[in-house]
């Protein structure tokens with residue numbers, strides 16, 4: 005069990021709300037963490053604006069250690085948070101299926117004249133204009149390889165993908181660790197193996213490399 009003074013803020017992705025993170029939050033609470041679900045308007049406001057709102061939430065906490073677990077676009081919001089508000093409590097960050105290098109799916113939608121579906125999420129967000137990851141903070145990036153999702157409908161995904169985000173898009177300069185699991189973009193929020201890897205990184209700064217090949221974590 006971890007210290008009761010450790011809090012995890014869960015940040016959802018595009019089109020979702022905080023309640024979508026409840027299954028993952030429940031597993032993290034079982035591991036001994038306190039959790040907080042952060043909801044934000046993913047289409048109506050830009051990632052930077054949502055990062056400012058997230059910073060206001062963090063400022064209300066008295067918890068000594070604050071971790072962040074962010075899904076998809078939520079990881080971009082967290083990158084803006086750490087770039088604009090460097091005086092954050094100590095803690096680690098795990099992103100789940102976040103297109104750190106820009107989203108091919110988002111680019112394709114915009115090229116086809118469907119950028120309105122993405123709203124302001126593309127402003128320094130899904131089109132690879134996010135701030136760099138600052139030194140001194142540990143970030144672990146988890147990618148999925150079960151290629152079932154929106155990305156297959158709007159265009160060919162290059163290489164392994166979770167159906168919406170390609171594995172190659174989840175890599176970020178300065179990250180501490182990277183791992184792949186056989187889950188889809190949305191399914192990763194429900195998978196026990198994802199929760200286990202989140203706990204491993206938050207506790208040690210590294211993902212746990214399983215010996216069982218059926219986990220399918222190797223993606224290089």
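Numbering (the working numbering), first residue to last: 5 to 224.
C-beta atoms are modelled at their ideal positions from N, C-alpha and C, and glycine is treated no differently.
- Residue environment for residue 188: buried (at least 16 other C-beta atoms within 10 angstroms of its C-beta).
- In the structure shown, the three-state DSSP call for residue 16 is coil.
- Here residue 98 is bridged, per DSSP, to 73 and 144.
- Proximity of the region 32–47 to the region 9–20 meets the contact definition, three or more beta-carbon pairs being nearer than 8 Å.
- Check the Cα spacing between residue 110 and each of 128, 63, 203 and 93: the tightest is with 128.
- Taking 7 Å as the cut-off, the beta carbon of residue 121 is found no closer than this to the beta carbon of residue 84.
- Assigned with DSSP and collapsed to three states, residue 10 falls in strand.
- When secondary structure is reduced to three states using DSSP, residue 149 falls in the coil class, being assigned neither helix nor strand.
- Here residue 211 carries a coil assignment [DSSP, helix/strand/coil].
- When 30, 21, 176 and 24 are compared, the shortest CA-CA separation from residue 199 is found for 30.
- Membership of residue 40 in the beta strand (DSSP E) is indicated by the continuous run 38–42.
- With a threshold of 16 other beta carbon atoms within 10 Å, residue 117 falls short and is exposed.
- Bounds of any alpha helix (DSSP H) do not take in residue 122, whose DSSP letter is neither H nor E.
- Contact check for residue 99 against residue 79 passes: the beta carbons are separated by less than 7 Å.
- Secondary-structure assignment with DSSP links residue 182 through a beta bridge to 145.
- With a contact defined as Cβ atoms closer than 8 Å, residue 180 and residue 142 qualify at about 4 Å.
- Residue 29 sits in a helix when the DSSP states are folded into three classes.
- Looking at the backbone, the Cα of residue 123 and that of residue 50 are separated by about 8 Å.
- Nearest Cα to residue 151 within the set 101, 35 and 126: 101.
- Within the DSSP bridge table, the entry for residue 165 names 170 as partners.
- The three-state secondary structure of residue 48, taken from DSSP, is coil.
- The alpha-carbon of residue 42 is positioned some 10 Å away from that of residue 62.
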